[in-house]
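What follows is a short report on a single structure.
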Amino acid sequence: MTAQTPPTPPFRDTTLPFAKRIDDLLSRLTLDEKIGFLHQFAPAVERLDVAAFRTGQEALHGVAWMGPATVFPQAVGLGATWNQELVRRVGEAVSREVRAMRTRDDRVGLNVWAPTVNLLRHPLWGRNEEGYSEDPKLTSAIATAYTQGLRGDHPAYWRTAPVLKHWLAHNNETERDTTSSSVRPRVLHEYDLRAFRETVEAGTVAGVMPAYNLVNGRPNHVSPYLREHLRAWTEEDLLVCSDAGAPSNLVDSEHYFDSHEEATAAALRAGVDSFTDHGTDSSTIIGRIRGALERGLLTEADIDTAVRRQLSVRFRLGEFDPGADPYAGEQPFDTPEHRALAQEAAEQAIVLLKNDGPLPLAPNARVAVVGLLADECKLDWYSGSLIHRVTPLEGLHERFGAERVEFAEGVDRVLLKTSAGTFLHVPPALEAPEAARGAEGALDPALLAGRTDLPPLTAGAEGTELALADWGEGVLTLRAPDGRYLSVAEDGYVRASADQPGGWVVQETFRLEPHGDGHLLRHVGTGRHVRVAADGVKVAEEDPEVFELVVVERGEDAVTRAAAGADVVVVVAGNDPHINGRETEDRTTLRLPAQQELLLRAARAANPNTVLVLTSAYPYAVDTADLPALLWTAHGGQAAGTALARVLAGDVSPAGRLPQTWYADDADLPDLLDYDVIGGRQTYLYFEGTPLFPFGHGLSYAGFSYGEPAADVDGSAVRVSFTVTNTGDVTADEVPQLYTRAVDPSVPRPRRELLAHRRVTLAPGESVGLSFVLPLSAFAFWDVAAGRWRVEPGTYELLAGASSEDVRARTTVTLDGEPTAPRPVLERGLDAAGFDEQSGVEIVDRTKAVGDSVTAAAGKDGELLFRRCDFGGGATEVTVEVSGEGTAEVSLDGGPVLAELSPGAPTSGPYDYTTLRASFAVVDGVHDVRLRLRGPLRLAHVGFSG
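Here is the structure:
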């Protein structure tokens, strides 16, 4: 007899909808198998022929951590292009390379953790390079384009499954796992949520990753916003992946829960579906989930919900339909098209900030290119390894000819002399086939160890001249003549072994600390001083060496020589993305590092015809008064040098635009932890000072004129049109930007707010008519009194121009909207967090699961203002729901205290609320209510009655 072929299980039946197939597969999994799926590294289920699966493949601006791949400009550079179609093509190229790399290495995952849509609210944030813009509209537009490219265009199957990072209000690395972002409702809805919402609603997102921080006193990994907002924006099953180690933080660093079982259960119920914790070892998370089940903190239905969301992504990725997956077996990798796209993206990301004449460079110009980044092509933590590499120096050589280009790096050339009179010496490197660190690919490059196959430094009569670069705040690198950086491996020895500074803990940075007549050399990564021992130079806890720093040549002298003989000097300055401003480390200042300012001054003194190119992951505050020309570019990836040379030469007219405000001084910045962009007057939306360069700014080698805009209100939309003309003599891109401003708002509204933009290419004399259809919701704000969006009636300016401040044409429209209504306080009272204005307060969690309260910030008296409160026919009593201890004072219209309420004794804990009452003479009509909070009192709600 012939054995019968077993029937195809429904989950393998491609004629069925995904939902039914997921139901079938879920029903076949055991509880233990389902629990195993909840860790980042989900094991295979061999009895069902279900493969192993992992969430998480970094792909922020190219495939990262898995070896060589096409490297595109940093995300902030992609944001500076203001070009959605370009960014979509970049996303598509990245996703194709993900698929191609997976065909030869199944460690490459299809669930990509990109892009980062955290808003660039504060320019000192260490991860500024990862975001697109300070503006939620521009951020969501660029993020939607990138995720469209990552997703692919098939209606059912996805090329990759993008996850947005990092939910929510995450803009500080300083104590990032324990700090709480105090986010008032208007900022939450109008600013932070908006960056995520439009991209999720576009249907191009597979999920999100919560951030390490807390919002309003509650960790993001147990946030009710995942359910209340994120999952309400789409009918798709979104996969929420925890950030690495964050589930453990709920207990270990945040102390939010007493046990890991409670914490894991709370995160799962809140909406976390995949736990990234303890690396590839899933046993700890599995044990916590089982413990939570045994304690009744979770049900199997809770686990099913999370597993269903993961399976939804896996089905969309074609895992169970290899014959039907249109993206299976894709091979495009490092193609000529991808290389050309990397160059195009790098060109479009360059922003010309100032030009008083030197640019574009004359065809036969003699160019001196100087600076610490003049011959560098820097990578960041989320870069792949370079296949191709063009530095600014190489790009200028290629464009102008090596004989017309002079180079000076500007490092100090030094010897380190020991107290015994010997010098540090770098032994010659043995022939070693080992590739640059990270080139081999690693799921977690933090685990890559330093090289130990090279001999450590020694001390002898002949020293090795080292290149010393000071990257600011006393942090420096030392490089051997063959280009290798001094580094410290796990065995503690100092070797010249690193191709570049890098790693989760950078092992290539040092500090020179004055000590007597010399200096101690402290290794930053270990915190230990350098010691000279018989078996080599090492770092140690004791017996540090006292060095004399012998300067052979100062960097500014080399720059002066190169600059003096050139027609034009190009100073390339900026940051190393692994030093002083990166993940885990915020910056402390907008200023350029002192050594780079010194090099710039030397160049300008020797040759006034100096162009400054800032290559950086973030804005700087620089003195532009005597500077003829200034450009900025993010680290531009593999083609950065070619792109810069072509822009300098005029082969390409620059048209990048700033995606964030460049402030003139540190004094213009709010506190890093002040997330109230409205009250703190932050970003171009609210900043009332004079920026160094405004949001949207960028110059061109052409000129453009703008025609008068026409606008009309058509039902539920506003239609705006205007004409832009190239009045210059070269073909160039322009980025027309359309902003709005409420003329007479009842609440603080943005000074101007981006509505739309478009990047267009125009030949000399060519005109283009632009039309934008704007939904009325684009003019709405979050009405805290009503708890919803509202379009206010009145006049709105429409401003067309080349930046947020360079307005070329304007008109107005009048919208009917919905009139402002007073707060019906007798009916609903006042939620404490629903204030109109505040000072000295923080929003905190009302309970661990849901709700907000308000408390005075440490060491301050807090004040809340609620405008236009309607007391109707009269109120004679106020009630407050409070916890803790302290005093709440109620007054009206700036008058005397109406009532003072304080618990007789502190409540038993922050979540143990009590209701206090006080009577007063009858109050009727409409008044502003002012509440003053003293002490660590938590206020949840205020009620009034007659």
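Positions in the sequence shown are counted from 1; adding 223 to them yields this note's numbering.
Cβ atoms here follow ideal geometry from the backbone N, Cα and C, with glycine treated the same way.
L564 carries a helical assignment under DSSP once its states are collapsed to helix, strand and coil. Burial is judged here by how many other beta carbons sit within 10 angstroms of a residue's own beta carbon; A529 has at least 16 and is buried. Taking E477 as the centre and dropping the five residues before and after it, the same chain places the C-beta of D400, T401, L437 and P442 closer than 8 Å to its C-beta, in chain order.
For the region 774 to 812, the full-length beta strand (DSSP E) segments reaching 3 residues or more read 791 to 797 along the chain. Sequence-distant partners of F1143 (beyond 5 residues in either direction) whose C-beta falls short of 6 Å from its own C-beta, in its chain, are L1121 and A1122.
The region 1132 to 1162 is shown to contain whole beta strand (DSSP E) runs of 3 or more residues at 1137 to 1146 and 1149 to 1157, in chain order.
If you draw a 10 Å sphere on the C-beta of Q297, you find 16 or more other C-beta atoms in it, and that means buried. In this structure, the beta-carbon distance from H858 to K601 falls below 7 Å.
P433 is the residue among V845, A489, P433 and N306 whose C-alpha sits nearest the C-alpha of V340. In this structure the region 590 to 606 lies against the region 793 to 804, because at least three pairs of beta carbons, one per stretch, are closer than 8 Å. Taking C-beta atoms as the reference points, W694 and I802 count as a pair closer than 7 Å. Between the region 872 to 892 and the region 942 to 950, the count of Cβ pairs shorter than 8 Å is below three; the stretches do not touch. Your pair H752 and P767 checks out as a contact, with CB atoms roughly 3 Å apart and the cut at 8 Å. Annotated as proximal: E1086 and R1155, with beta-carbon spacing under 7 Å. When the alpha-carbon of G1132 is set against those of L1124, V1101, S1125 and R1069, the nearest one is in R1069. The secondary-structure analysis by DSSP pairs K388 across a beta bridge with T339 and M432. Contact check for L576 against F260 fails: the beta carbons are separated by 7 Å or more. Assigned with DSSP and collapsed to three states, T865 falls in helix. Distance from the CA atom of R1046 to the CA atom of T1137, rounded to whole angstroms, is 24 Å. Collapsing the DSSP output to three states places N832 in coil.
Following the DSSP letters along the chain, one finds N578 in no alpha helix (DSSP H) but inside the beta strand (DSSP E) bounded by residues V574 to N578. Close CB contacts of A719 within its chain, under the 6 Å cut and outside five residues either way in sequence, are with V649, A703, R707 and L709 (chain order).
Within the same chain, and ignoring the five residues on either side of A1080 in sequence, the residues whose Cβ sits closer than 8 Å to its Cβ are G1063, V1064 and E1065. DSSP, reduced to helix, strand and coil, places F733 within a strand of the structure shown. A check of alpha carbon separations from S1114 across D809, N949, L691 and V1146 identifies V1146 as the nearest. For L854, the enclosing beta strand (DSSP E) covers residues A852 to T856. Secondary structure note for R702: its beta strand (DSSP E) is the uninterrupted segment L699 to R702.
Per DSSP, the continuous alpha helix (DSSP H) segment holding A418 begins and ends at L416 to E424.
Apart from sequence neighbours up to five positions away, the residues of its chain that approach P266 with a beta-carbon distance below 7 Å are G259 and A275, ordered along the chain. DSSP places D1075 in the strand class (E or B) of the three-state scheme. L680 and V728 have their C-alpha atoms roughly 21 Å apart. The beta carbon of L896 sits closer than 7 Å to those of N395 and T402, all from its chain and outside the five residues before and after it, given in chain order. Under the DSSP definition of a beta bridge, P291 partners with S608. Beta-carbon to beta-carbon, V321 and L333 are separated by about 7 Å, close enough to satisfy the 8 Å threshold. Distance check between G494 and each of A866, F480, R532 and L473 places R532 closest, using alpha-carbon atoms only.
Around K243, the same chain offers P233 as residues with beta carbons nearer than 7 Å, after the five sequence neighbours per side are excluded.
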